[in-house]
Every structure is written in C-alpha cells, then in structure tokens.
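A short worksheet on the structure shown next.
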Amino acid sequence: MQTVTLGRTGIVAQKNGFGALPIQRVSADYAGMLLKKALAAGVNFFDTARSYSDSEEKIGLALSQDREKFYLATKTPSTTVEGFWQDLETSLRLLKTDYIDVYQFHNPAFCPKPGDGTGLYEAMLEARDQGKIRFIGITNHRLHVAEEAAASGLYDTLQFPFCYLATDRDIALVNLCKEKNVGFISMKGLSGGLITNAAAAYAWQAQFDNALPIWGVQREEELDQFLSFIENPPTMEDPEIQATIEKDRKELIGNFCRACGYCMPCPAGIVINQCARMSQLIRRSPSAGWLTPESQAMMRKINDCLECGQCKSKCPYGLDTPTLLKQNLEDYENILAGKVKV
Numbered sequence: 001m002q003t004v005t006l007g008r009t010g011i012v013a014q015k016n017g018f019g020a021l022p023i024q025r026v027s028a029d030y031a032g033m034l035l036k037k038a039l040a041a042g043v044n045f046f047d048t049a050r051s052y053s054d055s056e057e058k059i060g061l062a063l064s065q066d067r068e069k070f071y072l073a074t075k076t077p078s079t080t081v082e083g084f085w086q087d088l089e090t091s092l093r094l095l096k097t098d099y100i101d102v103y104q105f106h107n108p109a110f111c112p113k114p115g116d117g118t119g120l121y122e123a124m125l126e127a128r129d130q131g132k133i134r135f136i137g138i139t140n141h142r143l144h145v146a147e148e149a150a151a152s153g154l155y156d157t158l159q160f161p162f163c164y165l166a167t168d169r170d171i172a173l174v175n176l177c178k179e180k181n182v183g184f185i186s187m188k189g190l191s192g193g194l195i196t197n198a199a200a201a202y203a204w205q206a207q208f209d210n211a212l213p214i215w216g217v218q219r220e221e222e223l224d225q226f227l228s229f230i231e232n233p234p235t236m237e238d239p240e241i242q243a244t245i246e247k248d249r250k251e252l253i254g255n256f257c258r259a260c261g262y263c264m265p266c267p268a269g270i271v272i273n274q275c276a277r278m279s280q281l282i283r284r285s286p287s288a289g290w291l292t293p294e295s296q297a298m299m300r301k302i303n304d305c306l307e308c309g310q311c312k313s314k315c316p317y318g319l320d321t322p323t324l325l326k327q328n329l330e331d332y333e334n335i336l337a338g339k340v341k342v
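Using the UniProt record's numbering, read the sequence shown as starting at 1 and increasing by one per residue.
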C-alpha cells in the first residue's frame, strides 16, 4: 500500500485521499455509504470545507464514531477573525469532533501572516493552542500565493491544483514543499473532469512521494476504481498510460478553464465554470449529454454577457474569460449545426 507523509505534520496517509466536495450532491445515506466504505478500505484522510454546504455534516454523521481512525481536514473562507471562530466552531459541531487535524485558510487572495493586520494567522495559533486544531494549512489557486506560503515557514500543509497537466512551475512548487517539509495536498487531480483516465492520473501523482491527492468522489464506481489502486497501483511504466498522458497534455495544456468556480456567481446567470470549458467537455465525454435542450439553453446564456469583466478579474489563472466563453459558444453552435464533428 502506497502512503504519503504530509511533511512536518507526521501524518501518514494512504495515497488516496477522499475529497468530500462532491458528496454535497448526494443524499446523506449514499454519502455515508461512500465514506464508510472508503474508511473500511484503508482511506484515512478526508478533506472538506465550511463552503461545501452539508459535506461536513455528512462526514460527522457517517464517521464520527470512528474519529481516531482517520485524519480530518477542513477549511474556512473567512477574512475576519470573528468569521474564523464562527466557522471553526460550526465545523467542529457538524463534524462531531473536538479537534481538526488540518485547518486551512480557503483560497485567500493573500498569504496570511503574523502582524499583517488581519489577525487571521494569530487566530490559527490560538486555535492550535486551545487544541481545536493540530496543524495550520492553506489552500490556493494562485501560484504566487502558494509559493509564498510554502516558502514562509508558517504553514504545515499547502493544498494546490496538481495533475498531469501541470507546468514546470507547478512541479517546482511541489518540490519546494518537499524541501521546506511542508505537506502537499493535490486537489483537482482530474482537472475538474477533463482528465478521464483515473489510472493515468494516479500513476502520474505517484511519482511525487510527498504529494497526497484527494480525489473528488460522488459515485461508488468512482470510489471502487481508486480503491482498486491500493492493491494494484498503476505506474508510469505502462505504455498505455504514457500515451494517454502525452495525448492529453497536447490537447489540454494552455488556456483552458479549470472549473475552480471562483468566477461565480455571474450577474447574468451564466454557468461560467461549465460553459467556458464546453469545447473540452464535449470532446472528452459522451457528447449527447452536452447537447440536450437544457445544455443548449445553458450555453446560449452566454449571449446575455454584460461584459462587466468580473469573471476575468476573479480568475486565479488570469484567463480572458469573456473571450473564452464566446469561443466555446461559437464552437458549440458549430457542433449543433453539424459543421464540426466530435
């Protein structure tokens, strides 16, 4: 069984972490089944967030009686000390626990530090002194913030998007975390659904012995696939996996939407984090599911764009989102008209 040690935390986790964002989309009973099955199979790191609607509550209902058998990470998006403490107390109550192993700032626009005037980092220290959290973490989609956090010596863990579409700078960040003994948690290992080969995703991540991928799980068949890797881990030595990764990198690296959702909500009601990557989605999954009347209506909302620029200003990847939306709509209409085949 492959394991990862999360830097100076000393946490030893099974290479498959459980990303609990998707369980907010399923019933409490189904979520409980997934969570219990994962724990029984050896998954021992569960990551959630105050922002994931009822995800924390579902974890608390399903796993609180086995609290000492797993590590728990959650997040606060708050930018105030008052909000920080409110989020922490709410998370502890819903998760039915006295402590959180890794408490993380959730994608702040800056790297909280002692003395920066916000009081946020000081609140983390106080929460740790009170025994309510064990380790201080941060998540981000902004590479410069992630690099600053990793180098600062202030954070025990860093969570950042990491998959086989990574740039050299992304990989350097993972290596920096190893050098600084900061635990690295890989989110979006399937790039928001654009990567469809779980074995290839796992094999690529396995090359980085300090990276703990957290896979977003919503269906039992998805969980079963990752659990199968515990006893039979795929490797980069497989020629088919190498070919898949090479093909995907050629097709996807560049200005594509990662579906992080930080551009949302749109004042015009456009589902930006779906519409801005429709060209990739429709080519990488059964196209019929993206050609329904509902999907057509969703895409044509792009015509209502207000050109306000909010989405572009919020994008942590610096994408020209309005232009990307228009390009995806044009491609979509050409596919509907039969001018482009998928």
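Note that CB positions come from ideal geometry on N, CA and C, so glycine has one too.
Treat the numbers as computed from the prediction; the structure is a model and nothing was measured.
Inter-residue spacing [alpha-carbon to alpha-carbon] between residue i and residue j
i: G192; j: A20; result: 14 Å
i: L223; j: P234; result: 15 Å
i: G289; j: I282; result: 8 Å
i: K37; j: Q327; result: 42 Å
i: E240; j: D129; result: 50 Å
i: A199; j: I214; result: 14 Å
i: Y121; j: Q65; result: 31 Å
i: L325; j: T79; result: 30 Å
i: P161; j: A172; result: 13 Å
i: Q147; j: K113; result: A small correction: the amino acid at residue 147 is Glu; Gln does not occupy that position in the sequence shown. Their Cα atoms are separated by approximately 14 Å.
i: K132; j: D87; result: 12 Å
i: T323; j: E221; result: 36 Å
i: T5; j: K180; result: 13 Å
i: S295; j: P286; result: 13 Å
i: A206; j: A166; result: 14 Å
Given residue i as reference, the closest of the options once Cα atoms are compared
i: L92; options: C275, L61, P293 and A109; result: L61
i: I302; options: S287, R283 and I270; result: I270
i: C308; options: A276, A268 and A297; result: A268
i: N44; options: I230, R128 and G153; result: I230
i: A41; options: K69, D54 and V26; result: K69
i: D116; options: P322, A198, A337 and V81; result: V81
i: K188; options: R8, N16 and I11; result: N16
i: S152; options: L176, L165 and A166; result: L176
i: I272; options: M298, L190 and S287; result: M298
i: I185; options: Q225, E220, I136 and T196; result: I136
i: residue 343; options: C311, Y164 and L194; result: Residue 343 cannot be examined here, being either before or after the span of the chain that is shown, 1 to 342.
i: F256; options: A206, C275 and V26; result: C275
i: R50; options: R8, Q104 and F208; result: Q104
i: L154; options: T196, C111 and M236; result: C111
Exposure of residue i, with buried meaning 16 or more beta-carbon neighbours within 10 Å
i: D248; result: buried
i: M124; result: buried
i: N334; result: exposed
i: K250; result: exposed
i: R277; result: buried
i: A203; result: buried
i: A109; result: exposed
i: I253; result: exposed
i: D168; result: exposed
i: V174; result: buried
i: P265; result: exposed
i: L329; result: buried
i: D156; result: buried
i: L336; result: exposed
For residue j and residue i, believed in contact at Cβ under 8 Å, the rounded distance
i: V182; j: L212; result: At roughly 12 Å, the Cβ-Cβ gap does not stay under 8 Å, so V182 and L212 are not in contact.
i: E89; j: T74; result: Actually they are not in contact, since the Cβ atoms of E89 and T74 sit about 12 Å apart, beyond 8 Å.
i: C163; j: A127; result: No, C163 and A127 are not in contact; Cβ-Cβ is about 31 Å, not under 8 Å.
Sequence-distant residues of its chain with Cβ nearer than 7 Å to residue i (five each side left out)
i: L72; result: F46, L95, T97, I100 and D101
i: D331; result: S279 and V340
i: T306; result: Residue identity check: residue 306 is Leu in the sequence provided, not Thr. The answer, listed in chain order, is P267 and A268.
i: G119; result: V81
Sequence-distant residues of the same chain with beta carbon closer than 8 Å to residue i, five excluded per side
i: K58; result: A20, I23, Q24, A28, A31, G32 and L35
i: Y262; result: N107, H141, K314, C315 and P316
C-beta neighbour in chain D for residue i, strict 8 Å
i: D320; result: In the structure shown, chain D does not exist; there is a single protein chain.
Contact set for residue i: own chain, Cβ-Cβ below 6 Å, skip 5 residues either direction
i: R134; result: D101
i: K178; result: N210
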